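Below is one structure, written out as structure tokens; comments come after it.
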Amino acid sequence: MASLLRFAATPDDYRQLAKRRLPRFLFDYIDGGAGDELTLTANQRDFNQWRLRQRVLCDVSQRDTRCQLFGETLSLPVVLAPLGMAGLYARRGEVQAARAAKAVGVPFCLSSVGICGYTEVSQNSEKPCWFQLYMLRDRGLVSELLERVWAQGCRTLLFTIDLPVAGARHRDQRNGLLDQGLAGKFSKAWQLLQCPQWLYSVGLRGKPHHFANLHQHSGVPSDIHRFKQWLDEQFDPSVTWSDIAWLRQQWPGTLILKGLLDQQDVAPACDSGADALVISNHGGRQLDGAASSISQLPLISQAIDGRMPLLIDGGVRSGSDILKACALGATAILAGRPWAWALAAGGQAGVEQWLRRWQNELSLSMALCGIRELSQARDTLMPA
Ligand code: FNR
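Under the working numbering, the first residue of the sequence shown is numbered 1048, with each subsequent residue one higher.
As structure tokens, then:
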């Protein structure tokens, strides 16, 4: 497998390698989307509605793929998106991915439903990473979580706003990941989380808890089945913009809202005190039939009019996709599945290799479009 890793060129190549390694339910959990996966498909496909302009004789001998975000320099405009349960994709998965992100010079965002805890990930990646959170019904727990990661040096909170309820993910339903099974019998998928051999392979055997960020708080059930039920009940569909105002008071650091997709939500988002927005449909995992992220970028970018950094995720699969997103007004993109597949295929080395491939592809695309830095990206595009 390690030798095959060397030949992986695209996210789909890592995906094929990941498919060989992961149990079916886990591969599907990563790969799948909601409903008929129309939005999942559209996310990727709609990048093709734009063409890059091939320009010649522009002296592109020096190119710079770096960008500035919240006073930091990123070696390329990419952030590793929060992914739940990533510690099951490879041994101490979040730690390996965070190390890779650090080595290449881009931020890593830890999901609140990650396996490894914030302390472990930040300590091992030698840099405090970003932290992602959903609004939980237990606001006391939200405050506690924020205080805890702040004390560990976290200064960037990514707050996910597109999950008032969980989307209908058919693959997860078929694989038994979502329900607790019949007559008290638990699904195969959750049984795997109790399987000593598997837990050993991902570095969890002997660890008292699986979801370290949440499990370290009192009152959170340690039994995996009761935990799942508790988590389902914690998602809070009553959240409104006034909860974001509350959150703003709780969090003194950078606050990013992730999951905006409609132009009409831009005004309240700008008034909410957030520092940045991520256009996202949760990688097509929530509302099937919703617009693709990239199709919304021009309108939302226009509505924001430079008031705050705008990020985007969903379907970014190459360096030229990154350039298109920047050309349409994004400061940076978040990548989800690509790092999950690279991690499952090759651990830290896989993620590092994938990131360097994208940096190289971005640089090549810039050269062929005749630009030297990303501030010139707006000149590179035309409609298909
Ligand atoms: C996600 N996503 C997600 N988002 C979030 O805010 N918190 C989370 O815990 C998760 N978990 C998660 C797990 C898996 C397996 C996937 C694929 C996605 C959404 C994620 O952060 C991001 O929005 C999408 O993955 C972006 O789309 P692409 O890059 O996967 O196409």
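Don't be surprised by glycine CBs; every beta carbon is placed ideally from N, CA and C.
In this text, all values refer to a predicted model and were calculated from it rather than measured experimentally.
Ordered along the chain, which non-local residues of its own chain (more than five positions away) have a Cβ less than 6 Å from that of residue i?
i	result
serine 1412	Gly1366, Ser1367 and Leu1370
valine 1267	Leu1261
leucine 1428	Trp1097 and Ala1374
glycine 1394	Ala1137 and Gln1143
Return yes when at least one heavy atom of the ligand FNR lies under 6 Å from the C-beta of residue i, else no.
i	result
threonine 1287	no
glycine 1214	no
isoleucine 1435	No answer is possible for residue 1435: it lies beyond the span of the chain, which begins at 1048 and ends at 1431.
threonine 1301	no
arginine 1384	yes
proline 1070	no
proline 1129	yes
aspartate 1360	yes
glycine 1397	no
glutamine 1297	no
threonine 1203	no
glycine 1134	no
histidine 1329	yes
valine 1168	no
glutamine 1311	no
valine 1189	no
valine 1160	yes
threonine 1207	yes
glutamine 1333	no
Compute the beta-carbon to beta-carbon distance between residue i and residue j, rounded to the nearest angstrom, for a pair I have assumed lies under 8 Å.
i	j	result
isoleucine 1380	isoleucine 1347	Going by Cβ atoms, the distance from isoleucine 1380 to isoleucine 1347 rounds to 14 Å, so no, they are not a contact pair.
valine 1212	phenylalanine 1282	7 Å
glycine 1320	alanine 1292	7 Å
glutamine 1406	leucine 1123	5 Å
serine 1248	arginine 1138	7 Å
leucine 1324	alanine 1316	6 Å
Can you find the residues in the same chain that come closer than 7 Å, C-beta to C-beta, to residue i, ignoring five residues on each side of it along the sequence?
i	result
glycine 1397	Leu1052, Tyr1061, Ala1389 and Leu1390
alanine 1150	Glu1399
cysteine 1114	Leu1121, Pro1124, Thr1378, Ala1379 and Leu1421
phenylalanine 1074	Ala1065 and Lys1066
aspartate 1059	none
Leaving aside the five residues before and after residue i along the sequence, list all residues of the same chain whose C-beta is less than 8 Å from its C-beta, in chain order.
i	result
alanine 1387	Ala1065, Ile1077, Leu1130, Ala1133 and Tyr1136
isoleucine 1090	Before going further, note that residue 1090 is asparagine rather than isoleucine in the sequence given. For asparagine 1090, where only same-chain residues beyond five positions count, the Cβ hits under 8 Å are Asn1328, Gly1330, Gly1331, Ser1339, Ser1340, Ile1341, Gly1361 and Gly1362.
According to the neighbour-count rule (16 or more other Cβ atoms, all chains shown, within 10 Å of its Cβ), is residue i buried or exposed?
i	result
alanine 1230	Because alanine 1230 sits at a pLDDT of 44, beneath the cut-off of 50, its placement in the model cannot be relied upon, and the point is left open.
alanine 1144	buried
proline 1284	exposed
threonine 1112	buried
threonine 1207	buried
arginine 1092	exposed
threonine 1287	exposed
glycine 1119	A small fix is needed here, since residue 1119 is glutamate in this sequence, not glycine. Flag for glutamate 1119 reads exposed.
Could you tell me whether the stretch 1095-1112 touches the stretch 1410-1430, where touching means 3 or more Cβ pairs closer than 8 Å?
-> A contact exists between the stretch 1095-1112 and the stretch 1410-1430.
Does the stretch 1180-1198 come within contact of the stretch 1215-1222, defined as at least 3 CB pairs closer than 8 Å?
-> No, the stretch 1180-1198 is not in contact with the stretch 1215-1222.
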